[in-house]
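Residue numbers (our numbering): 1329 to 1436.
Listed below in structure tokens is the structure:
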């Protein structure tokens, strides 16, 4: 089986009694060792997973790093990282489609 490695941003599932914004804060710390401040939602989409009979909703936020720390990746989640400000920074890299849509929107 051939698998493409595709670039994505830190993220995860909401745990019991947890708000989506709290998930974003937790996942940024767990996956890349960064304490962030969330500004606003810039993307939302939902998909139905028939095998789990569940709707999954993705929220993407803008934010800022509050305290710059060395990037420490959770290797079960990510194996490399790159800071980007536009899609041109990625050139040959594969990226998940929803991030292409976000970067194509010039309002962010």
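Positions of the beta carbon are idealized from the N, C-alpha and C atoms, including for glycine. Since the model is a prediction, treat every value here as computed from it, not as a measurement.
key: Which of helix, strand or coil DSSP assigns to residue 1360   = In the structure shown, residue 1360 sits in a helix (DSSP, three-state: H, G or I).
key: Contacting residues, own chain, Cβ-Cβ under 7 Å from residue 1355 (five flanking each side not counted)   = So the qualifying residues of the chain are 1338, 1339, 1340.
query = In or out: residue 1364 buried (at least 16 other Cβ within 10 Å) or exposed?
reply = Label assigned to residue 1364: buried.
ask   = Sorted by chain position, which residues of the same chain lie with C-beta nearer than 8 Å to residue 1426's C-beta, five sequence neighbours on each side aside?
value = The beta carbon of residue 1426 sits closer than 8 Å to the beta carbons of 1371, 1373, 1386, 1388 from its chain, once the five residues preceding and following it are set aside; these are given in chain order.
8 Å CB neighbourhood of residue 1349 in its chain, flanking five on each side removed = 1366, 1389.
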